[in-house]
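As structure tokens, the structure follows; a few thoughts come after it.
In the UniProt record's numbering, the protein residues as written are 1 to 297.
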């Protein structure tokens with residue numbers, strides 16, 4: 001599809017539509033090529049217009065906070081969707097929080113704490129945004145989104161829909177989103193309490209065990225049933241393993257690091273080497289938790 005055809009394949013929006021935007025600065029790994037088109041809708045109605053008006057076959061990738069994402073060096077074809085400020089509102093209610101999809105998980109936990117609401121402390125240990133947390137039923141430190149979610153609002157080509165946690169059929173790192181659905185906001189229930197001590201525990205645990213200040217993407221692989229991914233990786237001798245500028249963290253070996261010069265190809269290849277070593281030693285095939293999207297250089 002030519003550039004002229006591409007721009008006509010995207011409906012007219014009130015938000016921003018830009019071509020050839022570098023995506024590496026938007027990702028936590030700081031790697032990857034450009035977006036063919038980067039779209040930032042003005043609001044939920046604008047997002048519905050985008051989903052309804054995209055030409056058939058036009059690729060669409062929802063970036064979120066890009067915290068658990070490797071964008072390949074050749075970039076993303078089609079439309080890369082980035083929800084901005086209008087989707088970042090956080091509203092405190094008497095017994096819960098309504099948060100936009102672009103609001104950071106940590107920000108939502110902090111709003112709840114400031115309002116004296118407990119039950120959302122686990123969000124302070126999840127790197128990323130609410131939209132991504134709902135879409136993958138993110139969890140940490142003994143709780144998951146499914147434990148606190150009342151409902152999620154999603155934009156679809158047919159309009160906005162609201163689904164309960166039960167309707168989303170949340171399970172380990174999975175949510176059954178409707179076809180073409182993009183989370184726009186969500187409500188979490190909470191109760192009166194002082195979450196500060198638990199949040200302090202989570203913060204201390206993260207800083208002690210995880211490379212929180214490195215260029216990383218969070219947990220690389222899902223925990224297989226009955227196992228911890230980091231323990232399998234450690235047993236396979238992968239702690240500190242490198243490939244080019246990519247490294248398996250010595251602090252927590254279920255984290256990959258960009259030490260400063262890594263390419264997306266090096267990070268992905270290192271992850272595949274880890275998977276192969278774990279499979280050879282234990283017979284267990286690790287499943288990627290980090291998404292790898294786009295085309296090679």
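Glycine included, C-beta positions come from ideal geometry on N, C-alpha and C.
Q: May I ask you to report which of helix, strand or coil DSSP gives residue 167?
A: coil
Q) Run through DSSP, which three-state label would residue 107 get? A) helix
(Q) Please return the same chain residues whose Cβ sits closer than 6 Å to the Cβ of residue 250, not counting the five positions on each side in sequence. (A) 239, 240
Q) By DSSP, does residue 35 sit in helix, in strand, or in coil? A) strand
Q | Where the beta strand (DSSP E) through residue 201 begins and ends | A | Where residue 201 is concerned, there is no enclosing beta strand (DSSP E), although the alpha helix (DSSP H) it sits in stretches over 196-209.
Q | Extent of the continuous beta strand (DSSP E) run through residue 71 | A | 69-71
(Q) Check for me: the alpha helix (DSSP H) holding residue 233 runs from which residue to which? (A) 229-235
Q.
Taking only three categories from DSSP, how would you classify residue 89?
A. coil
Q) Do you know offhand how far residue 2's Cα is from residue 55's? A) Because residue 2 sits at a pLDDT of 48, beneath the cut-off of 50, its placement in the model cannot be relied upon, and the following sentence gives the value as read from the coordinates. Looking at the two C-alpha atoms, the distance is approximately 13 Å.
Q) Any idea what DSSP makes of residue 132, helix, strand or coil? A) helix
Q.
Once DSSP output is grouped into helix, strand and coil, what is the label at residue 144?
A. strand
Q. If you run the structure through DSSP and keep just helix, strand and coil, what is residue 1?
A. Annotation note: pLDDT 49 at residue 1 (below 50); position unreliable, coordinate value reported separately. Looking at residue 1 - three-state DSSP - the assignment turns out to be coil, as it is neither helix nor strand.
Q: Determine the contact status of residue 206 and residue 118, defining contact as a CB-CB distance below 9 Å.
A: no
Q: Please name the residue, chosen from 237, 114, 64, that lies closest to residue 196 on a Cα-to-Cα basis.
A: 114
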